[in-house]
Structures are given as structure tokens and as C-alpha cells.
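Number of protein chains: 2
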Amino acid sequence: MDPMADGAMAEQKARAAAWFEQLRDRIIAAVETLEEGPAAGADGIAPGRFALRRTRRHAPEGEDAGGGTMALLRGGRVVEKMGIGVSTVHGRLGAAAQAAMAARVPGVAEDARFWASGISLVCHPRNPHVPAVHLNTRMFWTPSAWWFGGGTDLNPAIEYPEDTAHFHATLRAALAPWPGEYDRQKAWADDYFFIPHRGRARGVGGIFLDDRNSGDWEADFALIRAIGEAFLPAWLPLAQARAAQPWDEADRTRQLVHRGLYAEFNLVWDRGTKFGLASGHDAEAVLMSLPPLAMWP
Amino acid sequence: MDPMADGAMAEQKARAAAWFEQLRDRIIAAVETLEEGPAAGADGIAPGRFALRRTRRHAPEGEDAGGGTMALLRGGRVVEKMGIGVSTVHGRLGAAAQAAMAARVPGVAEDARFWASGISLVCHPRNPHVPAVHLNTRMFWTPSAWWFGGGTDLNPAIEYPEDTAHFHATLRAALAPWPGEYDRQKAWADDYFFIPHRGRARGVGGIFLDDRNSGDWEADFALIRAIGEAFLPAWLPLAQARAAQPWDEADRTRQLVHRGLYAEFNLVWDRGTKFGLASGHDAEAVLMSLPPLAMWP
Chain A
4 MDPMADGAMA EQKARAAAWF EQLRDRIIAA VETLEEGPAA GADGIAPGRF
54 ALRRTRRHAP EGEDAGGGTM ALLRGGRVVE KMGIGVSTVH GRLGAAAQAA
104 MAARVPGVAE DARFWASGIS LVCHPRNPHV PAVHLNTRMF WTPSAWWFGG
154 GTDLNPAIEY PEDTAHFHAT LRAALAPWPG EYDRQKAWAD DYFFIPHRGR
204 ARGVGGIFLD DRNSGDWEAD FALIRAIGEA FLPAWLPLAQ ARAAQPWDEA
254 DRTRQLVHRG LYAEFNLVWD RGTKFGLASG HDAEAVLMSL PPLAMWP
Chain B
4 MDPMADGAMA EQKARAAAWF EQLRDRIIAA VETLEEGPAA GADGIAPGRF
54 ALRRTRRHAP EGEDAGGGTM ALLRGGRVVE KMGIGVSTVH GRLGAAAQAA
104 MAARVPGVAE DARFWASGIS LVCHPRNPHV PAVHLNTRMF WTPSAWWFGG
154 GTDLNPAIEY PEDTAHFHAT LRAALAPWPG EYDRQKAWAD DYFFIPHRGR
204 ARGVGGIFLD DRNSGDWEAD FALIRAIGEA FLPAWLPLAQ ARAAQPWDEA
254 DRTRQLVHRG LYAEFNLVWD RGTKFGLASG HDAEAVLMSL PPLAMWP
């Protein structure tokens with residue numbers, strides 16, 4: 004089955020899917036340049052490079068269900084592990100996913116077909132002063148509805164108020180053409196990136212939205228592009244500056260414990276992880292977000 | 004509210020709760036003795052000792068909801084981290100837990116009161132040749148039903164068929180007075196201790212049972228005691244022997260990656276973890292099962 008077979012919104016789907024790949028390529032280029040720069044505690048380590056591999060969604064019925072690529076950088080000078088997944092998948096929702104989505108999306112109860120494309124990245128830096136970061140944007144389609152979703156949030160092991168301020172100011176500026184949108188998405192992120200069983204936020208927040216369908220696909224796609232394009236200016240300067248800052252074993256321990264919280268959030272609460280595991284996407288790709296090393300002392 | 008306030012099965016509840024504490028004390032004594040013995044790669048490390056702290060269940064309504072103790076050994080010669088939680092909690096099930104349980108237990112839909120007592124332990128050894136292990140047994144009570152549940156399973160990072168054989172043979176012998184019980188519980192463990200998204204078992208199995216109510220509380224309590232009493236003979240000789248075996252960095256990496264799978268199972272699939280986090284029990288106590296250090300390379 005061709006993902007565009009039914010023709011509905013074929014052009015929009017193709018444009019969204021292509022844009023997620025372009026964004027991935029720009030981020031890869033920027034991070035590989037970052038790897039060439041100063042990095043405290045990285046003497047003797049070569050600049051990291053991304054390796055790409057194909058990923059497949061495994062549909063229960065065995066038919067073609069789409070897939071994507073996973074770009075993974077391991078053991079770099081600045082980046083200890085960073086995964087960027089881009090995938091375009093389609094098929095029929097499993098019973099559990101269908102039931103969960105039918106509560107939000109009219110029509111899904113009657114027709115379980117879906118198509119989804121998106122980019123998802125998580126960066127776990129080596130230097131504990133460099134903040135970990137997450138970005139995810141996607142387009143979702145069912146025969147009765149389409150919508151965009153996504154967000155980005157900063158997860159420093161050691162918090163610097165000026166870094167948090169820069170990250171948020173950049174996102175606020177990127178969303179300025181949409182009045183009220185930054186405030187709404189920041190509040191949504193504060194609510195979403197929260198670890199209930201720990202009674203705390205997983206990081207210092209960011210922006211988040213889901214179910215975005217204003218009725219104007221072009222306008223909503225522009226909003227999603229603005230979020231994706233804000234990612235590098237929001238995070239990269241922080242990474243460049245903090246990568247040169249010396250760190251010690253106590254900093255490292257704080258980082259590993261903080262990563263434990265990150266793993267807890269992703270495995271217990273994250274909507275994308277749950278959907279990915281439940282819908283049969285490549286587990287290695289879904290779980291590339293997990294930290295290279297984490298501690299529960 | 005006194006956990007025995009309604010008087011129903013007060014003597015049985017008290018005996019079960021007391022027995023879980025006795026089992027905990029015996030295991031602590033045995034592991035602290037194990038810590039005095041040979042341990043490869045532990046030069047200069049002092050024998051570990053358990054530290055006990057009180058844990059509380061936090062009921063939404065703020066009333067006394069029971070609690071327990073968490074015994075934690077960190078950074079020992081043989082044991083890198085081992086937690087043994089014993090708790091006796093009571094109150095009313097939250098809406099989600101009530102709905103989930105009502106499907107299995109008639110009467111829960113009408114009356115959400117519950118009482119539960121149990122022991123739960125996980126051991127993450129330092130030496131990658133020593134198998135990690137888990138034990139959990141509990142009594143659960145609602146106004147309309149009581150039952151026992153639990154199990155134990157072996158989680159070696161590096162598998163030795165003779166260790167697996169000893170573990171299973173000891174459990175089989177312990178359950179010999181209950182014809183068919185070992186085979187039934189082994190099959191249940193194979194089904195339960197499985198990581199669907201990885202398509203693999205989390206370890207080399209063991210035994211598992213839930214909803215045990217034969218109508219004869221004394222007989223079922225005896226079965227649960229037999230499982231608890233089999234734990235030390237099943238695992239301790241393996242730990243003693245393997246702790247003396249030299250290990251290297253490659254062994255350590257295998258261990259840390261295997262621990263990542265263990266964390267995934269507990270955070271994504273484990274019934275006890277989900278119940279604990281959803282019912283407001285101390286998150287540190289519920290998550291003491293997480294490995295001290297884990298790797299997702």
C-alpha cells in the first residue's frame with residue numbers, strides 16, 4: 004500500500020514529510036559543526052558523526068506500514084548520544100490506540116486508518132553543564148481529521164537561569180506571529196513535561212501543542228515549521244558556550260541522576276513513546292531517546 | 004483509621020504482615036553475611052550494610068494510609084544496590100485502580116476499600132556474573148475478596164545454564180507439595196516477565212502467580228511462605244559462587260545494557276510499579292527496583 008494511495012491530502016502529506024527530513028538534515032549539519040568546537044573533558048575524543056539507518060514499522064498484518072530513518076551520534080565530544088528519528092508510517096490503529104484516539108477524534112471509531120509523519124530528537128550531552136534537549140513535531144492524519152502536534156523542552160542537569168531565559172525568549176520570538184500562542188504552548192508544556200510520581204517538572208519547560216487543526220492547513224504547517232526552525236537558535240548557542248565549561252565527577256553524578264528522571268518520564272508517561280511501542284514501530288528507534296547512561300542511586 | 008478496624012480477617016492480615024517482615028529480616032542477615040565473603044573487583048570496598056527508613060503511602064484524602072520500611076544496601080562488595088520494601092497499606096482505591104481491579108474482582112466496583120501487605124525485593128549485584136534477582140509476595144484484601152500473589156525471577160546479565168537450572172530446580176522442589184503448581188507458575192512467569200516491545204524475556208524466568216484464593220486461606224498462606232522461603236536457597240549459592248569470578252569492562256557493559264532492559268520492563272509493564280505509582284505510595288520506595296546504573300548505548 005502506498006501511503007498516499009487514497010489521495011486525500013496527498014500533496015500536504017508529502018510536503019510535511021519532506022520538511023521533517025530537511026529539518027533533520029539542517030540539525031545534523033549544525034551538530035556536526037558543534038562537534039568540531041571546544042569541549043571540556045573531551046581530550047582525545049574525535050568529533051562525533053551521525054550514522055543513519057532505516058527503521059520499519061512492523062504492522063501485525065505484515066504489509067508495508069512505512070518507516071523512516073534513525074540518525075544516531077554516539078560518543079562525540081559535545082554529544083554523548085543524540086538520536087534524530089524521522090518516520091512516515093501508515094496503516095490501521097491497533098484496538099487500544101484506536102479506542103484511546105476515538106475519544107479525541109470523531110470518526111476514528113468507525114475507520115482505524117491513519118498516516119503520520121514527524122521528527123523526534125533527543126540530545127544527551129557529555130558535559131553536565133550542557134542542557135539535554137528534546138524536539139518533536141508531527142502531522143497526523145485519519146480519514147476524518149488531520150492535526151499537527153509537537154514541542155520542544157530543555158532538560159538541564161545543572162540549571163542556569165540565563166540559559167532557561169534564552170531558550171524561552173527564542174521560542175517566544177518564533178511564535179510572535181501567532182498572538183497568545185507562546186503562552187498557551189508554554190503552559191501546555193509545563194503541564195505535559197511533568198513527572199506526577201515525582202511531583203516535579205522533568206526540566207525547565209518549553210512549548211507543547213497537540214491536536215492543532217485551525218481549519219487552515221497552510222497556517223498550521225507554518226506554525227509547526229516555526230517551532231522546528233526555532234530549535235537550533237534556542238539550543239545551539241547554549242551548547243556551544245557550556246561545552247567549554249570544566250566539569251567534575253560531582254557534576255557527572257548530578258547529570259546521571261537527572262537522566263534517570265528523564266528515562267522515567269519517557270517510559271512511564273510519554274505519549275509518543277507509548278504510541279510507538281503500542282503501534283509496533285521499531286523499539287530501538289522509539290527508545291533512542293533513552294540516555295546513554297543513567298543512575299538511580 | 005486502624006488497618007484492622009473493620010475486624011474482617013484481622014488475624015490473618017496480622018500474620019501475613021508479620022511474616023513478610025520476618026522474611027525481610029532473614030534475607031537481610033543472609034545478604035550481609037554474603038557481603039563478608041569473596042568478591043572479585045571489590046578490593047578496598049567495605050562489606051555493605053542495609054539502612055532502613057520508613058515509607059508512607061500518601062492518600063489523596065490525607066488520612067493515615069499505612070506505609071512500611073525500605074531497606075536499602077548501596078555500594079557493597081557483592082551487591083551494588085539491593086532494596087527490600089515491606090509495606091502494609093490500606094484505604095480506598097483510586098478511580099483508575101478501582102476500574103482495573105473491578106474487572107477481575109467482583110465487589111470492588113461497589114466498595115473501593117482495600118488492604119495490602121507484601122514484600123518486594125530487587126538485587127543488582129556489582130559483579131556482572133552474579134545474577135540480578137527479584138522477589139515479591141503479597142496478600143491483598145477487599146471487602147468482597149482476598150488473594151495472594153507474587154513470584155521470583157532470575158535476571159543474569161551473563162547467562163549460565165547451570166545457574167538457571169539450580170534456580171528453577173530449587174523452586175520446583177519448594178512447590179512439590181502442590182502438584183502442578185511449579186509448572187503452572189513457571190508458565191505464568193514466562194508470560195509475565197516478557198518485554199513485548201523487545202520481543203524477549205527480561206531474564207531466564209522463575210515463578211509467578213496472582214489472584215490466589217483456593218478458598219482455604221491457611222493453605223494459600225503456606226504456599227506463599229514456601230515461595231518466600233525458597234528464595235535464599237535458589238539465589239544465594241549462585242551469588243556466593245559467582246561473586247569470586249573475575250570480570251572486565253566488556254562484562255560490565257553487558258550488565259549495564261541488560262539493566263536497561265530491566266528498567267524498561269519495570270517502568271513500562273510491571274503491574275506492581277504501576278499500582279504503586281498510581282496509588283500514591285512513596286515513589287522512591289516503588290522505584291527502588293531501578294538499577295543503580297544502566298546503559299542504553
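For the record, the sequence lines run as chains A and B.
So the first sequence is numbered by our numbering: it starts at 4 and just counts up by one.
So the second sequence is numbered by our numbering: it starts at 4 and just counts up by one.
Beta carbons: idealized from backbone N, C-alpha and C, even for Gly.
Computed from a prediction, not measured in an experiment: that's the story for all the values here.
If we count the other Cβ atoms within 10 Å of its Cβ and call it buried at 16 or more, is residue i buried or exposed?
{"i": "G279 of chain B", "result": "buried"}
{"i": "S147 of chain A", "result": "exposed"}
{"i": "R274 of chain B", "result": "exposed"}
{"i": "D67 of chain A", "result": "exposed"}
{"i": "L55 of chain B", "result": "exposed"}
{"i": "A192 of chain A", "result": "buried"}
{"i": "D166 of chain B", "result": "buried"}
{"i": "E83 of chain A", "result": "buried"}
{"i": "E14 of chain B", "result": "exposed"}
{"i": "T276 of chain A", "result": "buried"}
{"i": "A106 of chain A", "result": "exposed"}
{"i": "D114 of chain B", "result": "exposed"}
{"i": "D194 of chain B", "result": "exposed"}
{"i": "R60 of chain B", "result": "buried"}
{"i": "A225 of chain A", "result": "exposed"}
{"i": "T36 of chain B", "result": "exposed"}
Our contact map puts residue i next to residue j with C-beta atoms below 8 Å; I'd like the distance itself, whole angstroms only.
{"i": "Q243 of chain A", "j": "G40 of chain A", "result": "6 Å"}
{"i": "R129 of chain B", "j": "A45 of chain B", "result": "6 Å"}
{"i": "A233 of chain B", "j": "L174 of chain B", "result": "6 Å"}
{"i": "S282 of chain B", "j": "A100 of chain B", "result": "6 Å"}
{"i": "G231 of chain A", "j": "L157 of chain A", "result": "Contact doesn't hold; Cβ gap of about 16 Å is too wide."}
{"i": "L239 of chain A", "j": "A33 of chain A", "result": "6 Å"}
{"i": "P159 of chain A", "j": "G206 of chain A", "result": "7 Å"}
{"i": "K189 of chain B", "j": "W118 of chain B", "result": "Their Cβ separation, rounded to whole angstroms, is 29 Å, which puts K189 of chain B and W118 of chain B out of contact at 8 Å."}
{"i": "M73 of chain A", "j": "H127 of chain A", "result": "Wrong, their Cβ atoms sit about 15 Å apart, outside the cutoff."}
{"i": "W299 of chain B", "j": "G263 of chain B", "result": "5 Å"}
Does residue i get closer than 8 Å to chain B when you measure Cβ to Cβ?
{"i": "E267 of chain A", "result": "yes"}
{"i": "M7 of chain A", "result": "In this prediction, M7 of chain A has a pLDDT of 45, which is less than 50 and means its spatial position is unreliable; what the coordinates show is noted afterwards. It does not; no Cβ of chain B falls within 8 Å."}
{"i": "H137 of chain A", "result": "no"}
{"i": "H301 of chain A", "result": "With chain A represented from 4 up to 300, any question about residue 301 of chain A goes unanswered, as that position is not in the structure."}
{"i": "P294 of chain A", "result": "yes"}
{"i": "L290 of chain A", "result": "yes"}
{"i": "L76 of chain A", "result": "no"}
{"i": "A19 of chain A", "result": "no"}
Less than 8 Å between CB atoms is the rule here; does residue i satisfy it with respect to chain A?
{"i": "A286 of chain B", "result": "yes"}
{"i": "P236 of chain B", "result": "no"}
{"i": "A297 of chain B", "result": "yes"}
{"i": "V271 of chain B", "result": "yes"}
{"i": "P131 of chain B", "result": "no"}
{"i": "L239 of chain B", "result": "no"}
{"i": "P300 of chain B", "result": "yes"}
{"i": "L37 of chain B", "result": "no"}
{"i": "M4 of chain B", "result": "Note that M4 of chain B scores a pLDDT of 41, beneath 50, so its modelled location is shaky; the value from the coordinates is reported in the next line. Taking Cβ atoms only, chain A never reaches closer than 8 Å to M4 of chain B, which makes this a no."}
{"i": "R255 of chain B", "result": "no"}
{"i": "H200 of chain B", "result": "yes"}
{"i": "L280 of chain B", "result": "yes"}
Considering only residues of the segment 100-150 of chain A, which uninterrupted beta strand (DSSP E) runs meet the minimum length of 3 residues and lie entirely inside it, listed in chain order?
-> 116-128 and 135-145
The segment 101-116 of chain B in contact with the segment 72-88 of chain B per 3-pair CB rule at 8 Å | Contact check between the segment 101-116 of chain B and the segment 72-88 of chain B: fewer than three CB pairs, one atom from each, fall below 8 Å, which does not count as touching.
Cβ contact (3+ pairs, closer than 8 Å) linking the segment 190-206 of chain A and the segment 251-268 of chain A = Yes, since at least three Cβ pairs between the segment 190-206 of chain A and the segment 251-268 of chain A fall closer than 8 Å, the two stretches touch.
Minimum length 4: unbroken alpha helix (DSSP H) runs contained in the segment 210-297 of chain B = 220-245, 252-267, 274-281 and 286-289
Counting pairs of Cβ atoms below 8 Å between the segment 208-226 of chain A and the segment 135-150 of chain A, do you hit three or more?
-> Yes: the two stretches touch, three or more of their Cβ pairs being nearer than 8 Å.
Cβ pair count under 8 Å reaching 3, the segment 36-53 of chain A against the segment 137-145 of chain A = no
Write down every uninterrupted run of the alpha helix (DSSP H) in the segment 30-89 of chain B whose length is 4 residues or greater and which is fully enclosed by it, in chain order.
-> DSSP assignment within the segment 30-89 of chain B yields no whole alpha helix (DSSP H) run of 4 residues or more.
Every unbroken alpha helix (DSSP H) within the segment 155-179 of chain A, with a cutoff of 4 residues, ordered by chain = Listed in chain order, they are 164-177.
Cβ pair count under 8 Å reaching 3, the segment 120-132 of chain B against the segment 276-296 of chain A = no
Inter-stretch contact (C-beta, 8 Å, three-pair minimum) for the segment 85-92 of chain B and the segment 18-31 of chain B | Yes, they touch.
If we count Cβ pairs, one from each stretch, closer than 8 Å, do we get three or more for the segment 246-257 of chain A versus the segment 175-188 of chain A?
-> no
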